[in-house]
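Asks:
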Ligand code: MF3
Ligand code: CO
Ligand code: CO
């Protein structure tokens, strides 16, 4: 599938909205503590986004009801904020997507709630390393399979598994665009990257089995997912620009 590269002006808009998404994620990270509810986190991000003259991209997206995704412990992704109160020892992925002037910035991080187990800390470290390993291989001519291969190799070596059904995506003029960016794969397979396209890299790393169960979100075609064995899952996400020589991470504060 041919992707049409972004113009200079469009890249400026991506840089702006991605920096805002990263700042928003940093901002909300300070509030992740035992005793706060995921609804409270959602409201803080909603207000912060509007204050910064942007739009929360998830809100209303295919009927999704909230501003952010809050995926706690065994929730793999798309956890919907509600009255759930965070407890000491939980891990939570907060996924923020902002839109400004028709362009999208998408990033997430997994945070510790209070003090967490050694196992959880190791899993979260691997999820972060896996994302960054996947990003490091990005350059023109590299394929989505190359990215997935690099991610899966690291994760498997550390004794964890990658979710296969869901992954990264093209992003820019649309929230979710071609290509699919898997967290597993074979070198040389998949779509070739071209300069001045943007993709996300967002591996979901499971403590146990890679298989997931999906749950409907009422009045939405978006589903949320949790691990089939009930063990932990962790994730980090960046939006990345493919340049003429390599890559630039856009969701940095
Ligand atoms: N931000 C998620 C991603 O990384 C997508 C969330 S879509 C929503 O692609 F509707 F669930 F918010
Ligand atoms: Co994404
Ligand atoms: Co996201």
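Residue numbers (this note's numbering): 2 to 254.
Virtual Cβ for every residue (Gly too), placed ideally from N, Cα, C.
From this set, 69, 15, 113, 90, which residue's C-alpha is nearest residue 98's C-alpha?
Replies: 69
Asks: With a CB to CB cut of under 6 Å and the five nearest residues on each side skipped, what residues in its chain are close to residue 76?
Replies: 227
Asks: Could you check whether residue 204 and residue 131 sit closer than 9 Å to each other, using their CB atoms as the reference points?
Replies: yes
Asks: Work out the CA separation of residue 84 and residue 27 for me, nearest whole Å.
Replies: Each residue's CA atom was taken as its position, placing residue 27 and residue 84 some 22 Å apart.
Asks: Is residue 201 near ligand 3, going by C-beta to nearest heavy atom under 8 Å?
Replies: yes
Asks: Buried or exposed: residue 220, going by 16 or more other Cβ atoms within 10 Å of its Cβ?
Replies: exposed
Asks: Output yes or no for whether 9 Å exceeds the beta carbon distance between residue 18 and residue 113.
Replies: At least 9 Å separates the beta-carbon of residue 18 from that of residue 113.
Asks: Per DSSP, residue 249 forms a beta bridge with which residues?
Replies: Per DSSP, 242.
Asks: Tell me which residues share the same chain as residue 165 and place their Cβ nearer than 8 Å to its Cβ, disregarding the 5 neighbours each side in the sequence.
Replies: 183, 184, 185, 211
Asks: Compare the beta carbon distance of residue 248 and residue 140 with 9 Å and say whether it is the shorter of the two.
Replies: yes
Asks: Does the pairing of the stretch 163-180 with the stretch 189-204 give three or more beta-carbon distances under 8 Å?
Replies: Remark: three or more beta-carbon pairs, one from each stretch, lie closer than 8 Å, so the stretch 163-180 and the stretch 189-204 are flagged as touching.
Asks: Just list the residues that DSSP pairs residue 86 with in beta bridges.
Replies: 38
Asks: May I ask you to check if the CB of residue 252 is nearer than 8 Å to at least one heavy atom of ligand 2?
Replies: no
Asks: Which one of 107, 181, 30 has the shortest CA to CA distance from residue 15?
Replies: 107
Asks: Would you kindly check if the distance between the Cβ of residue 195 and the Cβ of residue 73 is under 9 Å?
Replies: no
Asks: Report the partner residues of residue 207 according to the DSSP bridge assignment.
Replies: 162, 234
Asks: May I ask you to report which of helix, strand or coil DSSP gives residue 192?
Replies: coil
Asks: By a C-beta neighbour count over all protein chains shown, 10 Å radius and 16 as the cutoff for buried, is residue 88 buried or exposed?
Replies: exposed
Asks: Would you give the residue range spanned by the alpha helix (DSSP H) that residue 12 belongs to?
Replies: 9-30
Asks: Spatial neighbours of residue 255 within its chain, please: C-beta separation below 7 Å, excluding the five flanking residues on both sides.
Replies: An answer regarding residue 255 cannot be provided, because it is not within the stretch 2 to 254 covered by the chain.
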